[in-house]
Each structure stands twice: as C-alpha cells, then as structure tokens.
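For the sequence shown, position 5 (counting from the first letter as 1) is numbered 5 according to the UniProt record's numbering, and the numbering increases by one without interruption. Everything on this sheet refers to the single structure shown next.
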Amino acid sequence: MPARHLSVGQVAERSGLPISTLHFYERKGLIVSTRNSANHRVYRREVLRRVTVIKVAQNAGVPLSEIAEALSSLPTHSVPSTEDWARMSEVWHDDLTRRIETLTALRDKMSMCIGCGCLSVKRCPLVNENDHLAGEGPGARLL
Ligand code: FES
1 MPARHLSVGQ VAERSGLPIS TLHFYERKGL IVSTRNSANH RVYRREVLRR VTVIKVAQNA
61 GVPLSEIAEA LSSLPTHSVP STEDWARMSE VWHDDLTRRI ETLTALRDKM SMCIGCGCLS
121 VKRCPLVNEN DHLAGEGPGA RLL
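As structure tokens, this is what we get:
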C-alpha cells in the first residue's frame, strides 16, 4: 500500500515540478502541507491530483488567482473529483475560447503590419485611433 504522505521531494519528483514551485503553490493557498513527527513538511498523496489540475490549468493560460478560486471551493485535502474537474474545465474552456478569439482577431489585424512598420494612426489596425479604446478601461487594450 502506498504511503499516505509524501515529502516535498517526492511530490516534486512525481509531479515534475521544482520544490520551489510547490512552496510557491503552498504560499498561494493552492496546496497545503502538514508537519510529520520530525517536523518535516509532508503532503497528503491527494496533492498530486491537485498539482496536476494546477499544471493543466496553467498550461491553458488560466491565471493562478482563478485556479486558486476554483480550488478554494473544494475541501482542503480533497482530490478534485471527476465532477469537480468537469465543472472547472467547463468554465476555463469558455475563458480559453474567448482568449483564442481575441488573439485570433489580433493576429489577423497584425498580418497587415508584417513588413510594414508604419504604425499609422489612420491605416494600422493595431493603433488606437483617436484613443477610441479609452472607454474600455486602463492599460493596453489591443495587446
Ligand atoms: S504597421 Fe503598418 S499597418 Fe500596422
């Protein structure tokens, strides 16, 4: 029967993540550890599935804050169930679709710029003509 708890090194080895990343996840509240009798940090075996969910979501471009929010709805030591993962991935799928559409539109506009370099307010689709994007909020709106 496999050990119920894993050291941080074992979790790093099994997950392929650096120990520093696991500590970072813990500081962000994504995973939790306890201390064993020797006062070493240990993780319940279920942490491997949580780490997998975090990695998959990060690879899909989901911000860590959103991952933390999704995982916060689960009990601290629980493994995301099939239903949990289905619910989270559905939300993230919609976000991913929106990001892909935005980036596709940006790519299509940018294709006009290849080899041009004019950055013309009148001609370039990437230039914010008359600051028309100001109403969409602060920061870069096209990139
Ligand atoms: S740089 Fe010339 S059209 Fe964008």
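Backbone N, C-alpha and C fix where the C-beta goes; we use that ideal spot for every residue, glycine too.
8 Å contact criterion, which residue i and residue j should meet: CB distance rounded
i: V42; j: L6; result: 7 Å
i: D94; j: V62; result: The pair is not a contact, with the Cβ atoms about 11 Å apart (cut-off 8 Å).
i: L71; j: L103; result: 26 Å between Cβ atoms; not a contact.
i: residue 144; j: C118; result: With the chain covering only 1 through 143, there is no way to say anything about residue 144.
i: W92; j: A68; result: That pair is no contact at about 13 Å.
i: K28; j: L64; result: 6 Å
i: R45; j: R98; result: That belief does not hold up - the Cβ atoms of R45 and R98 are roughly 35 Å apart, past 8 Å.
Residue i vs residue j beta-carbon contact at 8 Å
i: P18; j: R49; result: no
Status (buried if at least 16 other CB within 10 Å, exposed otherwise) for residue i
i: I100; result: exposed
i: R107; result: exposed
i: V47; result: buried
i: V121; result: exposed
### Query
What residues come near the ligand FES, if near means a beta carbon less than 6 Å from any of its heavy atoms?
Listed by chain position, these are M112, C113, C116, G117, C118, L119, S120, R123, C124, L126.
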